[in-house]
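**Student:**
2 protein chains.
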Amino acid sequence: MTTEKDSNPLSLDNQICFSLYSAANAMVRAYRPLLNKLDLTYPQYLTMLVLWEHEGISVKTLGDKLHLDSGTLTPLLKRLEGKGLISRGRSEKDERVRVLHITPEGESLRESAMEIPELMRCKVGTPTQSLVQLKSLCDQVYHELAVEKS
Amino acid sequence: MTTEKDSNPLSLDNQICFSLYSAANAMVRAYRPLLNKLDLTYPQYLTMLVLWEHEGISVKTLGDKLHLDSGTLTPLLKRLEGKGLISRGRSEKDERVRVLHITPEGESLRESAMEIPELMRCKVGTPTQSLVQLKSLCDQVYHELAVEKS
DNA sequence: TGTAAGTATATTGTGCACAACTGAATTAAC
DNA sequence: GTTAATTCAGTTGTGCACAATATACTTACA
Numbered sequence: 001m002t003t004e005k006d007s008n009p010l011s012l013d014n015q016i017c018f019s020l021y022s023a024a025n026a027m028v029r030a031y032r033p034l035l036n037k038l039d040l041t042y043p044q045y046l047t048m049l050v051l052w053e054h055e056g057i058s059v060k061t062l063g064d065k066l067h068l069d070s071g072t073l074t075p076l077l078k079r080l081e082g083k084g085l086i087s088r089g090r091s092e093k094d095e096r097v098r099v100l101h102i103t104p105e106g107e108s109l110r111e112s113a114m115e116i117p118e119l120m121r122c123k124v125g126t127p128t129q130s131l132v133q134l135k136s137l138c139d140q141v142y143h144e145l146a147v148e149k150s
Numbered sequence: 001m002t003t004e005k006d007s008n009p010l011s012l013d014n015q016i017c018f019s020l021y022s023a024a025n026a027m028v029r030a031y032r033p034l035l036n037k038l039d040l041t042y043p044q045y046l047t048m049l050v051l052w053e054h055e056g057i058s059v060k061t062l063g064d065k066l067h068l069d070s071g072t073l074t075p076l077l078k079r080l081e082g083k084g085l086i087s088r089g090r091s092e093k094d095e096r097v098r099v100l101h102i103t104p105e106g107e108s109l110r111e112s113a114m115e116i117p118e119l120m121r122c123k124v125g126t127p128t129q130s131l132v133q134l135k136s137l138c139d140q141v142y143h144e145l146a147v148e149k150s
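Listed in order, the protein sequences are those of chains A and B.
The first sequence begins at 1 in the UniProt record's numbering and counts up one residue at a time.
The second sequence begins at 1 in the UniProt record's numbering and counts up one residue at a time.
#1: Can you find the residues in the same chain that come closer than 8 Å, C-beta to C-beta, to V59 of chain B, ignoring five residues on each side of it along the sequence?
#2: Whole angstroms is fine: what's the gap from V147 of chain A's alpha carbon to G89 of chain B's?
#3: What residues from chain B crowd round D69 of chain A, counting only those whose CB sits closer than 9 Å?
#4: At what residues does the beta strand (DSSP E) containing H101 of chain B begin and finish?
#5: My understanding is that V124 of chain A touches V141 of chain B, with C-beta atoms under 8 Å, so please give their C-beta distance in whole angstroms.
#6: Nearest-angstrom Cα distance between S22 of chain A and C138 of chain B?
#7: Assuming Y31 of chain A and M114 of chain A make a contact with CB atoms under 8 Å, what is their CB distance in whole Å?
#8: Determine the chain A residues that contact T103 of chain B at a beta-carbon separation under 8 Å, and present them in chain order.
#9: In angstroms, rounded to a whole number, what distance separates the CA positions of E111 of chain A and L20 of chain A?
#10: Excluding five sequence neighbours on each side, which residues of the same chain lie with their C-beta closer than 6 Å to the C-beta of L35 of chain B?
#11: In chain order, which alpha helix (DSSP H) runs of at least 4 residues are fully inside the UniProt domain "HTH marR-type" (13-143) of chain B?
#12: Quick one: which residues of the segment 121-150 of chain B get their C-beta closer than 7 Å to a C-beta of chain A? List them in chain order.
#13: Considering only C-alpha positions, which residue in the set B:N8, B:W52, B:L38 is nearest to I116 of chain B?
#14: Going by CA-CA distance only, name the one from A:P33, A:F18, A:I57, A:T61 that's closest to P43 of chain B.
#15: If you draw a straight line from the C-alpha of L145 of chain A to the C-alpha of K135 of chain A, how long is it?
#16: Report yes or no: is there a C-beta of chain A within less than 8 Å of the C-beta of I16 of chain B?
#17: In the segment 48-63 of chain B, which residues sit with their C-beta less than 7 Å from some C-beta in chain A, listed in chain order?
#18: Looking at the structure shown, is L10 of chain B part of a helix, part of a strand, or coil, going by DSSP?
#19: Against chain A, with Cβ distances strictly below 8 Å, would S19 of chain B count as a contact?
#20: Taking C-alpha atoms, which residue in B:N14, B:T126, B:E105, B:T128 lies nearest to M48 of chain B?
#21: Comparing the C-beta of T2 of chain A with each C-beta of chain B, is any distance below 8 Å?
#22: Helix, strand or coil, according to DSSP, for A146 of chain A in the structure here?
#23: Kindly list the residues whose CB is nearer than 7 Å to the CB of G63 of chain A, restricted to its own chain and excluding five residues on each side of it in sequence; keep chain order.
#24: With a 10 Å radius around its C-beta and 16 neighbouring C-beta atoms as the bar for buried, classify Q15 of chain B as buried or exposed.
#25: Quick check on K65 of chain B - is its C-beta less than 8 Å from some C-beta in chain A?
#26: From A:V50, A:A24, A:Q129, pick the residue whose C-alpha is nearest to that of N8 of chain B; which is it?
#27: By how many angstroms is the C-alpha of R29 of chain A removed from the C-alpha of Q129 of chain A?
#28: Compute the Euclidean distance between the alpha carbons of T2 of chain A and E118 of chain B, then round it to the nearest angstrom.
#29: Contact criterion: CB-CB distance below 8 Å. Does R98 of chain B meet it with respect to chain A?
#30: Would you say S11 of chain A lies against chain B (beta-carbon separation less than 8 Å)?
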């Protein structure tokens, strides 16, 4: 038997995007108490992840990796600079580009951050295999929505 | 062979949550051009979906359905009221609760909204079966992260 | 060489998302 | 029945996310 609720395309229960949106919000909420100990927000944490792996990159390159633009990143990076975790230099070759560096304080924060993935993993009982599948599906959807822009 | 990149827990490529976060952002971005025609944002659209299905509910009930709190909803609802799509009355039984109603303008917007799910579906080439799976995994993760609060 | 096109970052303004808090109204305890 | 605890909505302040725009710098090319 098919009820109206099942077939109504405007029913919230049938909206895949709402599930995605709610799960992402819940995920950021779940990170918050862990990241508070590092005095970082989730986007700031992501930024530090990239900078720990790629020293001296530009705002543009960072934005490409995080899928965020300068309107979001510039104030975020200023806040990280204000906390003394990064420095925002200028490229000598090209005066337009900012070159982002980790400070010693930023580098030392890396150790505390090491335990975050494991702590976060404990909050979700979902089997690893399902999470890998979730990641794969999210990446797939992202690329189909992002490529379409061209 | 296992490279450092594969095993580093702080590598962005290994972060399931980053994929979830990026996919959700991309999804909201993809809705934007469609919703601009209705002069709605994505959270406003979600709110209208709920109110089209459940006339006369409270801010609390709406928040429970959308997983959002009054700090987010109060200004959003004022904007919807400002556009003439809803009215924000008071319950007669309990003076604390706001009772949300759809106006005729809000009701007429429903027809234009009917085509949104189909248009959105066209933007994603992912097979329906995969999307159903994605929804199921997102719901699972949401509940595990949300229940844990108690 | 001058100028046009393109690129990198920054600014402004809007709208969430949420924590922390306030105040008013309701309910429960005594 | 008054006090205490709870509940609902709203306010304030911070930090994204993004569109639109501005500005400075670089490159191409006429």
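Idealized CB from N, CA, C, for every residue including glycine.
**Tutor:** According to the structure data:
#1: S70, L73, T74, L77, V97, R98, L100
#2: 44 Å
#3: Simply none; closest approach about 11 Å.
#4: 98-102
#5: 6 Å
#6: 8 Å
#7: Their Cβ separation, rounded to whole angstroms, is 15 Å, which puts Y31 of chain A and M114 of chain A out of contact at 8 Å.
#8: None at all; the shortest Cβ gap to chain A is about 17 Å.
#9: 31 Å
#10: Y45
#11: 16-36, 42-53, 59-66, 70-82, 104-113, 116-123
#12: K123, V124, G125, T126, S130, L131, Q133, L134, K135, L137, C138, D139, Q140, V141, Y142, E144, L145, A146, E148
#13: B:L38
#14: A:F18
#15: 15 Å
#16: yes
#17: L49, V50, W52, E53
#18: coil
#19: yes
#20: B:E105
#21: Residue confidence is low: T2 of chain A scores 49 on pLDDT, short of 50, so the model does not pin down where it sits. Its coordinate-derived value is still stated next. Chain B, which has no Cβ nearer than 8 Å to the Cβ of T2 of chain A, makes this no.
#22: helix
#23: D69, S70, L73
#24: buried
#25: yes
#26: A:V50
#27: 23 Å
#28: Note on T2 of chain A: pLDDT 49, under 50, position unreliable in the model; the coordinate value appears next. Near 20 Å, if we compare the C-alpha coordinates of E118 of chain B and T2 of chain A.
#29: no
#30: yes
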